[in-house]
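Below is one structure, written out as structure tokens; comments come after it.
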Ligand SMILES: Cc1ncc(COP(=O)(O)O)c(C=O)c1O
């Protein structure tokens, strides 16, 4: 496509590009826009609008968003209170440097201190989850004077050098990220118990502390700065730890002077039915990182919030990190509005009630779908694990399968889109993470469509 703007030609940009033409939009997307984690060149559906739990394309076809886009639209598309807060802040002040005092920055920091567990008191604002985790591990290393970080295999912590090195999922290999000092531990994956154990109660990995202690024995605890984990694993399979796991990890960390960083980027801000996933187990981490649901993703925003002990230390030592857009006023204003809306509209209560109803319905569906091996989740953070055989639990597709190897999963996603249901999967797990404020009617509609899609899975396990 010929360039319309060049040094000689200074035509008005608005007049020059036919962006009202969906075919042109799709063509440029395929050839001049680079898409995350993908081979390039594919033409996308062109989305023209959204409201609540639904979005639609240029043909007017509507899709129920059972993934909340990237599990970030916790209050759905175009929530009027969040949109209005952004508009009002844009009229008042779009940007002011991070060192300046700003009402919206202070208000959001105070709100976060109020809703985070334990003695988390102080927040560094970022532009997303990766920058929050990157800053967290840097603080942990400076504060402890130690270098190693323990992270888990089934994890995703972001796409920067450091956070991809912490990430255990296959994107880690794709990028050859290799920050020194990362030590891995196994995951408390109760449906597929690690190391051949048959009962979670006998499995040191699922107990947490014993597995970590063994690793620390080899690594030397005095060299370990922090453990970082997703309290409920998101992208890598919606894995809810058994009761006692997180408490045991927290205790072991405390015993050895190791900081506990919980990555609540996906699980936080109401996704599990509580403000933070750790609230289900009364665990008090040293650092909480978050992003996504904090403002339903309307403006890029992440947070790294620290305990009183770390906040006191940061009075004497400079924060080892910074961003031009730290505490961006538009992001902070949208965060305040989103948290207020979640509280006023009881989004967490809705997520808890409907999440439970969703899992009950899924277990009922399991009676007629042989491919449905496991149903798990908390609040609106749910997943179903598909198998070839319920007895052996052989996965329907191999770990991290893509392309032909993931054929039945891809077929279900494709059929879902044709039937107006937007879903996503990793390996053999389909995530079911609609907005927290989805209506009961929409949720059951989505499950009815899913019921039809699972016949594709059943056919693949026969
Ligand atoms: C648990 C977790 N941590 C960190 C990240 C990275 O967040 P971002 O993409 O905003 O950098 C993600 C993104 O999906 C995530 O799920």
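Residue numbers (this note's numbering): 231 to 692. For every residue, glycine included, the Cβ atom is placed at its ideal position computed from N, Cα and C. Quick caveat: nothing in here was measured; it's all calculated off a predicted structure.
**Message:** Tell me the DSSP secondary structure of residue 625 in three-state form.
**Reply:** strand
**Request:** Hey, could you find the ends of the alpha helix (DSSP H) residue 333 is sitting in?
**Result:** 333-345
**Request:** For residue 636, collect the residues of the same chain with a Cβ closer than 6 angstroms to its Cβ; drop the 5 residues on either side in sequence, then sort them by chain order.
**Result:** So the qualifying residues of the chain are 627.
**Message:** For the pair the region 304-311 and the region 513-532, tell me if three or more CB-CB distances fall below 8 angstroms.
**Reply:** yes
**Message:** If I measure Cβ to Cβ from residue 275 and keep anything under 6 angstroms in the same chain, skipping five residues before and after, which residues do I get?
**Reply:** 287
**Message:** Any heavy atom of ligand 1 closer than 7 angstroms to the beta-carbon of residue 364?
**Reply:** Look at residue 364: its beta carbon is at least 7 angstroms from all of the heavy atoms in ligand 1.
**Prompt:** At what residues does the beta strand (DSSP E) containing residue 323 begin and finish?
**Reply:** Run containing residue 323: none; DSSP gives neither H nor E here.
**Request:** Would you check whether ligand 1 has a heavy atom nearer than 7 angstroms to the C-beta of residue 297?
**Result:** no
**Message:** Can you list, in chain order, the residues of its chain with a C-beta nearer than 7 angstroms to that of residue 668? Leave out the 5 residues immediately preceding and following it.
**Reply:** So the qualifying residues of the chain are 283, 584.
**Prompt:** What's the gap between the Cα of residue 314 and the Cα of residue 572?
**Reply:** 15 angstroms
**Item:** Alpha carbon of residue 254 to alpha carbon of residue 273, nearest angstrom
**Value:** 10 angstroms
**Runs of beta strand (DSSP E) wholly within the region 621-678 (minimum 3 residues, chain order)** = 654-656, 659-662
**Asked** In the structure shown, what three-state DSSP assignment does residue 275 receive?
**Response** coil
**Request:** State yes or no: is the C-beta of residue 409 nearer than 7 angstroms to some heavy atom of ligand 1?
**Result:** no
**Message:** Just checking residue 493 against ligand 1 - is the residue's beta carbon closer than 7 angstroms to any of the ligand's heavy atoms?
**Reply:** yes
**Prompt:** Taking just the CA atoms, how far does residue 249 sit from residue 258?
**Reply:** 10 angstroms
**Prompt:** Just to check, is the beta-carbon of residue 532 closer than 7 angstroms to a non-hydrogen atom of ligand 1?
**Reply:** yes
**Prompt:** Is residue 475 near ligand 1, going by C-beta to nearest heavy atom under 7 angstroms?
**Reply:** no
**Prompt:** Looking only at C-alpha atoms, which of 605, 631, 515 sits nearest to residue 420?
**Reply:** For the residues 605, 631, 515, the minimum Cα distance to residue 420 belongs to 605.
**Spatial neighbours of residue 477 in its chain, beta-carbon cut-off 8 angstroms, leaving aside the 5 residues before and after** = 438, 511, 512, 513
**residue 489 versus residue 689 - alpha carbon distance** = 47 angstroms
**Message:** Residues in the same chain with beta-carbon distance under 6 angstroms from residue 335, minus the five sequence neighbours each way, listed in chain order, please.
**Reply:** 557, 562
**Request:** Please confirm whether residue 380 and residue 415 have their CB atoms less than 8 angstroms apart.
**Result:** yes
**Message:** Once the 5 residues before and after residue 529 are set aside, which same chain residues still bring their CB inside 6 angstroms of it?
**Reply:** 560, 561, 564
**Item:** Cα-Cα separation between residue 629 and residue 616, rounded to whole angstroms
**Value:** 12 angstroms
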